[in-house]
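Trainee: Residue numbers (the working numbering), protein chains in the order written: chain E, 1 to 351; chain D, 352 to 702. Idealized CB from N, CA, C, for every residue including glycine.
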């Protein structure tokens, strides 16, 4: 971890949207720092606010019905309050984004080379031929074979994996210092996913860019992240280094997530430990800890919102939102060989 | 007699070109000479990457697609050539659950109507339908009062439960599940897998479970078939496939899955297979996996390997299988389910 000022510092970020069902708080009290060269994973299930958090950083959630709170400082610029002009200069050039579905995020009627050239020339004064050469270099760098021929292809002529490589080439075109990757491999096959994760890793190693990886897949997280923020119902419920989250998880929701992964490397279990129930609807979240109704370890204090603070001795950077003490948690969570799970709480037998 | 017997099944899709005459210019080899059987009460997992033919195979078994060559028999009766009248009674015994739960439920019908439709079509007396629907909803973990709601009012996991209830309405002997959990969140995936297991224990139904992900099929399958480019690469008792993969492609799929275990990921230096699956219009000669295979030799380019039978009912179509001792290699035989175009040369070890 780097010393001194972080590259990006998010403080108490909140996002609400005006909807037909009233004001929906999509994201609430999000704080994290991102250092140069670091991969931070935002993990959680659909609707937990991970994508809204990432998109808000570059102003993609701005709309008449949206309300923002808190700050996000990138170098010297405050992103949440920045003007559209200021954001436009940063977006794509200094903070770039890769989306889940490359087919719907590339322009279908424009050759891939032209799309990269357009992006370069929007941010830098480069002549078209020079920009085109750079586009070919970029395509080569992300592992597209015969880049000089492919530069004139349309997106539909490429496979899903190749299209995602084009997205990465686009994101790299202006040497960003922060790359936001929203489920970059979810639409891809396992063997192609491994290749794309390799590209993101070598990109980080070569350019020193920081990466915010939005994903629901804890396998991908374990493969590539340095630090992890676990989100549930709009809040970060636990945050720490990769090893802290996987080997000493503090929040019962994290236990549940880790426990419900289907694995190929450990003994087969007869019954998968699932988290009972469903995440609460956006417009109707329970007061206090949002995970309370699904948590087997719930007790009286959970009706107050637990703050995101360090509760593990000697680990000031390991934060969680659960009222139980660290000792209590270690005693309660279930550890099967190689896998931590959400053990039934003391009251579970009676239920 | 097995419940389902697939023999040398081929499904080719014509590629047409030209305005009026629409000449057939090529054929997509979606399923290319597959022979397999599903025993009554067992679960067969079918795994492979997109475009490997797993969905086409499942649809040809259901006769949603016509076979080009070969045959499918369901409890001894030929499905491939059956007339509409012969097919109708078979249909009630074979049902399907689809990947996208919302897209497979009629948005303008109430859940009760959706689940009741197969009952009404197959002649359940009108006054017995409501009670049967309530019972089915209960079996999949929904409330009877959910019958009056519309599909969009449910979460993805609940929608998939509705799809399962509809599939079970006629008490079928075979249920084909095509990626039934891949659109769902991790914690909900585990709930649906557990539900499918419970239902199987109670009804002795036979499942064919199609998925792109080896970790998902592991928990439900008795046997697993791995497909690549329209062909069977390996067929194995479920647990043995993970402990002792014989085919380099199976091994590549297994190593491509990132482990939710940071230390294990750091320990094993992952070398993802390079390249992408070739175009099924023009599949490679010999073994279809040879262009991407790290163990490929001269014979792999020329001769299609037969499905070879090793001990314990473990089959693999590879000239140079992995994890096979010299003794096992010597005892191996060519299996009658080999593709007709395969050679007779039995595997040898690579030196």
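Going along the chain, which residues of its own chain have a beta-carbon closer than 8 Å to the beta-carbon of residue 510 (chain D), five neighbours each way excluded?
Mentor: Counting from 1 along the second chain, the entry for residue 510 (chain D) is found at position 159. For residue 510 (chain D), where only same-chain residues beyond five positions count, the Cβ hits under 8 Å are 452, 453, 456, 502.
Trainee: Helix, strand or coil: how does DSSP classify residue 447 (chain D) here?
Mentor: For the purposes of this step, residue 447 (chain D) is taken as the residue at position 96 of the second chain. Reduced to three states, the DSSP call for residue 447 (chain D) is strand.
Trainee: Determine the closest residue to residue 132 (chain E) out of E:306, E:76, E:112, with distance taken between C-alpha atoms.
Mentor: For the purposes of this step, residue 132 (chain E) is taken as residue 132 along the first chain, with counting starting at 1. When only C-alpha atoms are compared, the closest one is E:112.
Trainee: Rounded to whole angstroms, what is the Cα-Cα separation between residue 277 (chain E) and residue 90 (chain E)?
Mentor: Residue mapping note: residue 277 (chain E) aligns to position 277 of the first chain, counting from 1. Residue mapping note: residue 90 (chain E) aligns to position 90 of the first chain, counting from 1. Whole-angstrom Cα-Cα distance: 41 Å.
Trainee: Where do the ends of the beta strand (DSSP E) carrying residue 159 (chain E) lie?
Mentor: Stepping through the first chain from its first residue, residue 159 (chain E) is reached at position 159. Taken as a continuous stretch (DSSP letters only), residue 159 (chain E) belongs to no beta strand (DSSP E), as it is neither H nor E.
Trainee: Grouping DSSP H, G and I as helix and E and B as strand, with all else coil, what is residue 457 (chain D)?
Mentor: Counting from one through the second chain, the residue named residue 457 (chain D) turns up at place 106. In the structure shown, residue 457 (chain D) sits in coil (DSSP, three-state: anything other than H, G, I, E or B).
Trainee: Let me check one thing: in DSSP terms, what residues is residue 33 (chain E) bridge-paired to?
Mentor: Here the question's residue 33 (chain E) lines up with position 33 in the first chain. Beta-bridge pairing links residue 33 (chain E) to E:9.
Trainee: In three-state terms, what does DSSP make of residue 207 (chain E)?
Mentor: Translated into positions along the first chain, residue 207 (chain E) becomes position 207. DSSP places residue 207 (chain E) in helix when its eight states are reduced to three.
Trainee: Write down the C-beta distance between residue 355 (chain D) and residue 412 (chain D) rounded to the nearest angstrom, noting that I regard them as a contact closer than 8 Å.
Mentor: Sequence index remark: in the second chain, residue 355 (chain D) carries index 4 (1-based). Sequence index remark: in the second chain, residue 412 (chain D) carries index 61 (1-based). The Cβ separation is near 6 Å, so the contact holds.
Trainee: Quick check on DSSP: helix, strand or coil for residue 346 (chain E)?
Mentor: The residue labelled residue 346 (chain E) in the question sits at position 346 within the first chain. With a pLDDT of only 40 at residue 346 (chain E), under the threshold of 50, the placement of this residue in the model should not be trusted, and no figure is reported.
Trainee: Going straight from the alpha carbon of residue 217 (chain E) to that of residue 48 (chain E), what length do you get?
Mentor: Mapped onto the first chain, residue 217 (chain E) falls at position 217. Mapped onto the first chain, residue 48 (chain E) falls at position 48. If you take the alpha carbons of residue 217 (chain E) and residue 48 (chain E), they lie about 14 Å apart.
Trainee: What are the partner residues of residue 215 (chain E), as DSSP defines its beta bridges?
Mentor: Residue numbering aside, residue 215 (chain E) sits at position 215 when the first chain is read from its first letter. The partner list for residue 215 (chain E) (beta bridge, DSSP) reads E:43.
Trainee: If residue 425 (chain D) and residue 529 (chain D) are in contact, beta carbons under 8 Å, what's the gap, nearest whole angstrom?
Mentor: To locate residue 425 (chain D), count along the second chain from 1; it is residue 74. To locate residue 529 (chain D), count along the second chain from 1; it is residue 178. Actually they do not touch by this definition, with Cβ atoms about 17 Å apart.
Trainee: Using Cβ-Cβ distances below 7 Å, what residues of the region 678-690 of chain D are close to chain E?
Mentor: none
Trainee: Helix, strand or coil for residue 1 (chain E)? Go by DSSP, reduced to three states.
Mentor: Taking the first chain and counting its residues from 1, the one referred to as residue 1 (chain E) is at position 1. Low confidence applies to residue 1 (chain E): its pLDDT is 46, below 50, so where it sits in the model is not reliable enough to give any reading.
Trainee: Which residue wins for smallest C-alpha separation from residue 310 (chain D), given the options D:486, D:396, D:364?
Mentor: The requested residue 310 (chain D) is not part of the displayed model; chain D covers only 352 to 702.
Trainee: Quick check on residue 383 (chain D): does DSSP put it in helix, strand or coil?
Mentor: Numbered from 1 along the second chain, position 32 holds the residue referred to as residue 383 (chain D). Looking at residue 383 (chain D) - three-state DSSP - the assignment turns out to be strand.
Trainee: For residue 447 (chain D), count neighbouring C-beta atoms within 10 Å of its own C-beta (all shown protein chains included) and say buried if the count is 16 or more, exposed if not.
Mentor: Against the second chain, residue 447 (chain D) aligns to sequence position 96. So residue 447 (chain D) ends up on the buried side.
Trainee: Please confirm if the region 144-160 of chain E is in contact with the region 62-72 of chain E, defined as three or more CB-CB distances below 8 Å between the two stretches.
Mentor: Under the Cβ criterion (8 Å, minimum of three pairs), the region 144-160 of chain E does not count as touching the region 62-72 of chain E.
Trainee: Looking at C-alpha atoms only, which residue of E:243, E:214, E:6 is the closest neighbour of residue 226 (chain E)?
Mentor: For the purposes of this step, residue 226 (chain E) is taken as the residue at position 226 of the first chain. Residue E:243 is the option with its Cα nearest to residue 226 (chain E).
Trainee: Considering only the alpha carbon of each residue, which of E:237, E:87, E:221, E:328 lies closest to residue 612 (chain D)?
Mentor: Here residue 612 (chain D) refers to the residue found at position 261 when the second chain is read from its first residue. Comparing Cα-Cα distances from residue 612 (chain D) to each of E:237, E:87, E:221, E:328, the minimum goes to E:221.
Trainee: Give the secondary structure of residue 352 (chain E) by DSSP, where H, G and I count as helix, E and B as strand, and everything else as coil.
Mentor: Residue 352 (chain E) falls outside the range modelled here, since chain E spans only 1 to 351, and no answer is possible.
Trainee: With a threshold of 16 other CB atoms inside 10 Å of the CB of residue 352 (chain D), please say whether the residue is buried or exposed.
Mentor: Residue mapping note: residue 352 (chain D) aligns to position 1 of the second chain, counting from 1. That one is exposed.
Trainee: Tell me which residues share the same chain as residue 350 (chain E) and place their Cβ nearer than 8 Å to its Cβ, disregarding the 5 neighbours each side in the sequence.
Mentor: For the purposes of this step, residue 350 (chain E) is taken as residue 350 along the first chain, with counting starting at 1. A caution first: residue 350 (chain E) carries a pLDDT of 31, below 50, which makes its placement in the model unreliable, though a value can still be read off. None.
Trainee: Can you find a C-beta in chain D that's less than 8 Å from the C-beta of residue 268 (chain E)?
Mentor: As a working mapping, residue 268 (chain E) is identified with position 268 in the first chain. Answer yes: the Cβ-Cβ gap between residue 268 (chain E) and chain D drops below 8 Å somewhere.
Trainee: Under DSSP, the alpha helix (DSSP H) around residue 111 (chain E) begins and ends at which residues?
Mentor: Within the first chain, the letter at position 111 stands for residue 111 (chain E). That residue, residue 111 (chain E), is in no alpha helix (DSSP H); it is neither H nor E in DSSP.
Trainee: Between residue 193 (chain E) and chain D, is any beta-carbon pair separated by less than 8 Å?
Mentor: Numbered from its first residue, the first chain carries residue 193 (chain E) at position 193. Answer yes: the Cβ-Cβ gap between residue 193 (chain E) and chain D drops below 8 Å somewhere.
Trainee: Looking at residue 578 (chain D) and residue 405 (chain D), is the spacing between their C-beta atoms short of 8 Å?
Mentor: As a working note, residue 405 (chain D) is residue 54 in the second chain. As a working note, residue 578 (chain D) is residue 227 in the second chain. Yes, the pair counts as a contact, with Cβ atoms nearer than the cut-off.
Trainee: Terminal residues of the continuous beta strand (DSSP E) containing residue 367 (chain D)?
Mentor: Taking the first residue of the second chain as position 1, residue 367 (chain D) is located at position 16. Taken as a continuous stretch (DSSP letters only), the beta strand (DSSP E) holding residue 367 (chain D) covers 355-368.
Trainee: Between the C-alpha atoms of residue 696 (chain D) and residue 566 (chain D), what's the straight-line distance to the nearest angstrom?
Mentor: The residue you call residue 696 (chain D) lines up with position 345 of the second chain. The residue you call residue 566 (chain D) lines up with position 215 of the second chain. The straight-line gap from Cα to Cα measures roughly 33 Å.
Trainee: Just to make sure I have the definition right: I need the residues of chain E whose C-beta is within less than 9 Å of the C-beta of residue 616 (chain D). Which are they?
Mentor: Here residue 616 (chain D) is taken as the residue at index 265 of the second chain, counted from 1. Those are 219, 222, 223, 224, listed as they occur along chain E.
Trainee: So, does the CB of residue 593 (chain D) fall closer than 8 Å to a CB anywhere in chain E?
Mentor: What you label residue 593 (chain D) is simply residue 242 of the second chain in a count that begins at 1. Taking Cβ atoms only, chain E reaches closer than 8 Å to residue 593 (chain D), which makes this a yes.
Trainee: Would you tell me roughly how many angstroms separate the C-alpha atoms of residue 96 (chain E) and residue 119 (chain E), rounded to the nearest one?
Mentor: As a first step, residue 96 (chain E) is located in the first chain; it is residue number 96 there, counting from the start. As a first step, residue 119 (chain E) is located in the first chain; it is residue number 119 there, counting from the start. Those two C-alpha atoms are separated by around 11 Å.
Trainee: Would a check of beta-carbon distances place residue 633 (chain D) closer than 8 Å to chain E?
Mentor: As a position in the second chain, residue 633 (chain D) is number 282, starting the count at 1. Cβ-Cβ to chain E under 8 Å: no for residue 633 (chain D).
Trainee: Are the C-beta of residue 352 (chain D) and some C-beta of chain E separated by less than 8 Å?
Mentor: For this step, residue 352 (chain D) is matched to residue 1 along the second chain. It does not: the Cβ of residue 352 (chain D) has no partner Cβ on chain E nearer than 8 Å.
Trainee: Out of curiosity, what's the CA-to-CA distance linking residue 327 (chain E) and residue 301 (chain E)?
Mentor: The sequence position of residue 327 (chain E) within the first chain is 327, counting from 1. The sequence position of residue 301 (chain E) within the first chain is 301, counting from 1. Cα-Cα distance, rounded: 17 Å.
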